[in-house]
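Presented below is the structure to which this report refers.
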């Protein structure tokens, strides 16, 4: 009996010695939902938040696009393209109609703005056409809106690149989350490229014609083309 008590005493001393020399660690139980959430956000398994990204992209797109369209309306008037200018004006009103689906509005804005860019470039390339005094006034009116459009495009470009990349990576999820916008958004990069080229031409033309306000566009244009 004494031998057993002696062994028990020695064993207790050993346990106490080990416990005093081993660093203590705290453990807490994890909520399974938190673990799943963490797993979903881990490298390689992160899910792109289409809905939140889409809300931001759509807002930025229309802020930029509506300013570009307004600039294009003035430029078309300056070059005597009144029919085209009227179409652009209608597109601006359509884009602001809250009762119309965003996908339809974005598709229409891209189409009308792209056609307006072609008409403007064609008019500016016509060396036989000379701007009137009134034409120069309308040209000058376009520049503040062009500047706002350029600034909006600087914000829009990275958002669009991220969205297009994720749409291409997961088209089914994109279609589910975005609906028709998943088909329209991939057209935005080409739209941005078209507007960038037209904006360069408009700014160069403004300087050559000594249009008031053209110098204020230099920095924004440089930022856009970086």
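Residue numbers (our numbering): 3 to 228. Where is the CB? At the ideal position from N, CA and C, for every residue including glycine.
Leaving out five residues before and five after residue i in sequence, what residues of the same chain have Cβ atoms less than 6 angstroms from its Cβ?
{"i": "residue 208", "result": "216"}
{"i": "residue 184", "result": "169, 176 and 177"}
{"i": "residue 57", "result": "none"}
{"i": "residue 219", "result": "149 and 205"}
{"i": "residue 91", "result": "75"}
With distances taken from CA atoms, which of the options is nearest residue i?
{"i": "residue 120", "options": "105, 95, 77 and 142", "result": "77"}
{"i": "residue 105", "options": "123, 179, 213 and 219", "result": "179"}
{"i": "residue 128", "options": "203, 225 and 218", "result": "203"}
{"i": "residue 84", "options": "169, 125, 109 and 59", "result": "125"}
{"i": "residue 59", "options": "170, 161, 166 and 174", "result": "161"}
{"i": "residue 199", "options": "123, 66 and 108", "result": "123"}
{"i": "residue 66", "options": "164, 94 and 181", "result": "94"}
Which same chain residues, not among the five before or five after residue i, have their C-beta less than 8 angstroms away from its C-beta?
{"i": "residue 133", "result": "80, 81, 141 and 211"}
{"i": "residue 86", "result": "78, 117, 118 and 121"}
{"i": "residue 222", "result": "149, 152, 153 and 156"}
Beta-carbon within less than 7 angstroms of residue i's beta-carbon, same chain only, minus the 5 sequence neighbours each way: which residues are those?
{"i": "residue 26", "result": "Here residue 26 scores only 46 on pLDDT, less than 50, and its place in the model is too uncertain to base an answer on."}
{"i": "residue 189", "result": "112"}
Which whole-angstrom value describes the C-beta separation of residue i and residue j, a residue pair presumed to lie in contact below a C-beta threshold of 8 angstroms?
{"i": "residue 187", "j": "residue 138", "result": "Contact flag wrong, Cβ pair sits at about 37 angstroms."}
Could you tell me which uninterrupted alpha helix (DSSP H) segments, each at least 4 residues in length, are contained entirely in the stretch 150-182, listed from first to last along the chain? 173-180
Spell out a yes or no on whether the stretch 93-102 and the stretch 184-201 are touching, meaning 3 or more CB-CB pairs, one atom from each, closer than 8 angstroms. no
Report yes or no: do three or more beta-carbon pairs, one from the stretch 133-152 and one from the stretch 73-85, lie closer than 8 angstroms? yes
If you scan the stretch 187-221 from start to end, which runs of the alpha helix (DSSP H) of 4 or more residues do you find wholly inside it? 190-210
Scan the stretch 78-102 and note each continuous alpha helix (DSSP H) run of 4 residues or more that stays entirely inside, going in chain order. 84-97
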